[in-house]
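The next block holds one structure in the form of structure tokens; read it before the comments.
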Amino acid sequence: MATKKCDHNQGDFEKPTGVETLTSDKTSSPIDSILSNIVIEPQAPSGDGKRINGIVVGRIIHAEEATAPMVDFPGNVSGSPIKALATVAVGPADNNRDVALAFVNGEWNKPVIIGFMHVPQAQSQAGEVSKNVKVESDGETVTISAEKEIVLKCGESSITLTKAGKVLLNGTYISSRSKGVNRMRGGSVLLN
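Numbering (my numbering), first residue to last: 823 to 1014.
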């Protein structure tokens, strides 16, 4: 079986330390057979020759389970989304997510999704949560902590938790139901 020889003296490519160049004078083995099909050589850019070096933040425009995701990014000279390879699982739930893109041989028309951009969980559409508010989650429980008080509000109803340990329920109608015991305990219980 003939093997391909890599010419490592072309371009800026340097032969990795400890890696032998495959030549036809080696004895053929199953590993040599596999390696003979891998040729590591610098490739000339395809397309218009525009190169993108480094990582670019792009966006997934369309993704389905069975097809390559379509992405758009600054530097996309085609004017429309293009197919991308991916190193991470990408599906329909990832549409419109920002991603980190690398490019095969630096070519603008060969993007590779290398990861998703991290969006902190403590952000909302209203903006960032104050640094004095702490949100923790372990997958089963979400804990929201504040220095003075936490107020949950909707219309005319609210629940307020204070630093002093008070829980204040306010609303036009408050209902408390239980299939088991409905217990009210305290130093004193006042009704009306």
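Ideal placement from N, C-alpha and C gives every residue a C-beta, glycine not left out.
Tell me, which residues are paired with residue i by DSSP?
{"i": "V964", "result": "S959"}
{"i": "K975", "result": "S980"}
{"i": "P933", "result": "F925"}
{"i": "R999", "result": "According to DSSP, which records beta bridges pairwise, R999 is partnered with nothing at all."}
In chain order, what residues of the same chain lie with their CB nearer than 8 Å to the CB of residue i, ignoring the 5 residues before and after it?
{"i": "I860", "result": "Reliability of the predicted coordinates at I860 is poor, the pLDDT of 47 falling under 50, and no value is obtained from them."}
{"i": "K985", "result": "E969, K970 and E971"}
{"i": "P914", "result": "A885, E886 and E887"}
{"i": "G1009", "result": "none"}
{"i": "T909", "result": "V934, I935, I936 and G937"}
Where do the ends of the beta strand (DSSP E) carrying residue i lie?
{"i": "G923", "result": "The sequence given here places Leu at residue 923; Gly does not occur at that position. Unbroken beta strand (DSSP E) run through L923: D920 to F925."}
{"i": "F895", "result": "Looking at the DSSP string, F895 is not in any beta strand (DSSP E), and its letter there is neither H nor E."}
{"i": "P903", "result": "No beta strand (DSSP E) contains P903, which DSSP labels as neither H nor E."}
{"i": "R881", "result": "V878 to H884"}
{"i": "N1004", "result": "Segment: none, N1004 is in no beta strand (DSSP E) and carries neither H nor E."}
{"i": "L1013", "result": "No beta strand (DSSP E) holds L1013; DSSP gives it neither H nor E."}
{"i": "V989", "result": "V989 to N992"}
Would you mind giving the Cβ-Cβ distance between residue i and residue j, rounded to the nearest angstrom? I have them listed as a contact below 8 Å.
{"i": "F895", "j": "P942", "result": "Between P942 and F895 the Cβ distance is about 22 Å, and since that is not below 8 Å, they are no contact."}
{"i": "S980", "j": "L974", "result": "6 Å"}
{"i": "N875", "j": "G928", "result": "5 Å"}
{"i": "D1004", "j": "S998", "result": "Correcting the residue identity first, residue 1004 is Asn in this sequence and not Asp. Confirmed, Cβ separation roughly 6 Å."}
{"i": "G993", "j": "E978", "result": "6 Å"}
{"i": "A911", "j": "V893", "result": "Rounded, the Cβ-Cβ distance is 15 Å, inconsistent with contact."}
If I measure Cβ to Cβ from residue i and keep anything under 7 Å in the same chain, skipping five residues before and after, which residues do I get?
{"i": "N918", "result": "R881 and I882"}
{"i": "A924", "result": "I877, V934 and I936"}
{"i": "D916", "result": "I882 and A885"}
{"i": "E958", "result": "T965"}
{"i": "N898", "result": "I904 and W930"}
{"i": "M939", "result": "V879, D920, V921 and A922"}
{"i": "L1013", "result": "none"}
{"i": "K872", "result": "V899 and W930"}
{"i": "K988", "result": "none"}
Within a Cβ cutoff of 6 Å, which residues of the same chain sit near residue i, ignoring the five residues on either side of it in sequence?
{"i": "N954", "result": "E969"}
{"i": "L990", "result": "T982"}
{"i": "A922", "result": "I877, I936 and G937"}
{"i": "A890", "result": "K905"}
{"i": "T963", "result": "none"}
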